[in-house]
Amino acid sequence: MNKKNKITIIIITVLLIIGMSGLVYKRFDLTAEKRYTLSDSTIKVLENVDKPMTIEVYLDGDFPASFKQLQNETKFMLDEFRKINPKIDYKFRDPIAEKIPQDTLAAMGMQPSILPDMKEGKISEIVMFPYAAIKYNGFGTSVPLIIQQSGIDAATQLSKSIENLEYNFASTIKGMSEERAKNVGFLINQQELGPDEFRGFMDVAMENYNVGPVIPENKTELSLADVPKLKQMDALVIAKPRKAFTDNEKVILDQYIMNGGKTLWMIDAVNAEMDTLFQAKKIMAYPLDLNLTDFMFNYGLRINPALTKDMKKSALIRIVSGEVAGNPQYSSFLWPYFPLGIAETRNPITKNINPVKFEFPTSIDTLGRPNIKTKVLFESSERTMSKTVPNYVALSEIVRADSIGEMERPSA
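Going by my numbering, the first residue of the sequence shown is number 494, and it counts up by one from there.
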């Protein structure tokens, strides 16, 4: 097989993105001091600021020397911001010395960090607020300067925080300087998830976008009558559809994408549910025909009727393993059908994200279409395999952490 056409298994079928675009940041080391130039995307965001913007950085004062690097890198970056757009100004403040009420800081979403400090053989505590406040056009918001990620040491946390400075500032400034919030529609027609079933997703979306349902005028399928409504939507979310799309609907969605609309597809290509499995101990997993094969093929994708199993990095499930004095005893086992996706650290979308659990994911083949770019956001371990469907899935396939089997091929 030609290397250019080599098929890569992708476990992110549940989060298939077509036409989604956003900020992509690249930092290039061009100086002896290991400082970086700003990305083109960031420069474009800064140039769009057309009113005075003030950034207050709460990193002035007495704090551990390790945070001096964060202070210096933040100052260097904001100097670059000001060079690109003089309307952007900044200053460093010490909220403790200035006795800014903590209630005031908390109202802006700032929480204190308490750090141990050793002076003259005595351990003391330093209270600091590692945030920046951005004020623009009568509004204000805060930007955290320290990322919160479990499982990493303080030095790594500080390093990742510095790496993420540009993205955090640029994405916040972009949201504040845009003339209007983007409109995001949720398709309600293909037996998708209802609002109550993904309330958390909608709540987060509503913090940054105007969110609303897209319900076909004829209550049956998307038609030409729905085109004006779709034109008002910057993006359309299709969450776990269960009903097949008609050919007319695919034409309408294709035209929506071709005219600049963004779509977020959350697709289950295989029917397999844990609730049923816990009751029956064994179920038949079978493919779901959504009539999207040709549609996805046109965008260089093929969704395979196969489940992805990771025999090494998977989430745990608890099942009854015995009984003592009439009480069930539970044990935790790796469940290979719930692989943990490891985030691509070089992509700003997934940088600093902890492993993500995928439930019964399937795989995607990329077909190398011209002018279509694909990016892997999460990858499984080297002990990954595919299981074609229709096929049985049984609870007996649990894996003990100390008895990991061999893999067939890696998945990404």
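The C-beta atom is built at its ideal place from N, Cα and C for all residues, glycine as well.
In this text the structure is predicted, and so the values were computed from the model without any measurement.
Measuring alpha carbon to alpha carbon, tell me which of the options ends up nearest residue i.
i	options	result
Ser-856	Tyr-702, Ile-760, Lys-743 and Met-767	Ile-760
Lys-568	Ser-559, Asp-582 and Phe-556	Asp-582
Lys-943	Ala-732, Thr-801 and Ile-655	The first residue shown for the chain is 494 and the last is 905, placing residue 943 beyond what the model contains.
Pro-623	Ile-616, Ala-698, Asp-587 and Asp-646	Asp-587
Thr-739	Gly-753, Val-697 and Thr-786	Thr-786
Ile-639	Glu-690, Gln-562 and Lys-667	Gln-562
Ile-891	Asn-820, Thr-859, Asn-845 and Lys-806	Lys-806
Met-621	Ile-655, Arg-575 and Phe-560	Phe-560
Phe-851	Gln-725, Glu-700, Met-767 and Leu-783	Met-767
Asp-782	Ile-645, Lys-755, Asn-820 and Lys-733	Lys-733
Tyr-749	Ala-590, Val-538, Gln-725 and Glu-690	Gln-725
Met-603	Ile-645, Ile-842, Glu-549 and Asp-646	Glu-549
Ala-599	Asn-578, Ala-626 and Ile-577	Ala-626
Gly-753	Leu-723, Gln-772, Pro-780 and Tyr-779	Leu-723
Phe-871	Val-697, Ile-589 and Gly-834	Gly-834
Pro-798	Pro-841, Pro-821 and Ala-765	Ala-765
So, helix, strand or coil for residue i, using DSSP?
i	result
Thr-713	coil
Met-878	strand
Leu-860	coil
Gln-564	helix
Lys-909	Only positions 494 to 905 of the chain appear in the structure, and residue 909 is not among them; the question remains open.
Val-817	strand
Arg-528	Any answer about Arg-528 is weak, because its pLDDT of 49 lies below 50 and its placement is not dependable; what the coordinates show is given next. Coil.
Asn-752	coil
Ala-765	coil
Phe-871	strand
Gln-641	coil
Arg-811	strand
Met-695	helix
Arg-795	strand
Ala-599	helix
Asp-582	strand
Val-886	strand
Ile-593	coil
Val-538	helix
Ala-663	helix
Gly-687	coil
Gln-772	helix
Ile-745	helix
Asp-522	Note that Asp-522 scores a pLDDT of 47, beneath 50, so its modelled location is shaky; the value from the coordinates is reported in the next line. Note: Asp-522 maps to strand in three-state DSSP.
Phe-738	coil
Please list, in chain order, all residues of the same chain as residue i whose beta carbon is under 6 Å from its beta carbon, the five residues on each side excluded.
i	result
Leu-794	Ile-857
Phe-679	Pro-706 and Val-730
Tyr-702	Ala-674, Lys-675 and Val-677
Asp-803	Pro-829, Pro-832, Ser-873, Ser-874 and Thr-877
Ser-670	Asn-541 and Val-542
Arg-862	Gly-793
Ala-718	Glu-710
Please go through the same chain and pick out, in chain order, the residues whose beta-carbon is closer than 7 Å to the beta-carbon of residue i, but skip the five residues on each side of it.
i	result
Ala-887	Lys-774 and Lys-775
Glu-742	Glu-714 and Leu-715
Met-777	Pro-883 and Tyr-885
Asn-630	Lys-544
Asn-864	none
How far does the alpha helix (DSSP H) with residue i in it extend, from its first residue to its last?
i	result
Ala-674	No alpha helix (DSSP H) holds Ala-674; DSSP gives it neither H nor E.
Phe-853	It is not in any alpha helix (DSSP H) - Phe-853 carries neither H nor E in the DSSP assignment.
Ser-654	647-656
Asn-791	786-791
Lys-722	720-724
Val-730	Run containing Val-730: none in the alpha helix (DSSP H); it sits in the beta strand (DSSP E), 728-732.
Less than 8 Å separating the beta-carbons of residue i and residue j?
i	j	result
Lys-628	Gln-684	no
Thr-535	Ala-728	no
Leu-809	Phe-826	yes
Lys-844	Asn-661	no
Arg-811	Tyr-823	yes
Gln-595	Pro-605	yes
Val-763	Phe-853	yes
Thr-597	Val-636	no
Ile-616	Phe-556	no
Ile-708	Ile-681	yes
Glu-837	Val-813	no
Lys-667	Val-849	no
Phe-585	Leu-552	yes
Gly-554	Ile-607	no
Where do the ends of the beta strand (DSSP E) carrying residue i lie?
i	result
Leu-757	755-759
Thr-634	632-637
Asn-703	703-707
Tyr-624	624-629
Ile-548	546-550
Val-947	Shown here, the chain extends from 494 to 905; a query on residue 947 therefore has no answer.
Lys-775	775-780
Using a Cβ-Cβ cutoff of less than 8 Å, which residues in the same chain neighbour residue i once the five nearest sequence positions on both sides are dropped?
i	result
Thr-769	Ile-776
Ala-647	Ser-559
Lys-580	Val-542, Asp-543, Lys-544, Pro-545 and Met-546
Can we count residue i as close to the ligand FAD, meaning its CB is less than 7 Å from some heavy atom?
i	result
Pro-854	No copy of the ligand FAD appears in this structure; indeed no ligand is present at all.
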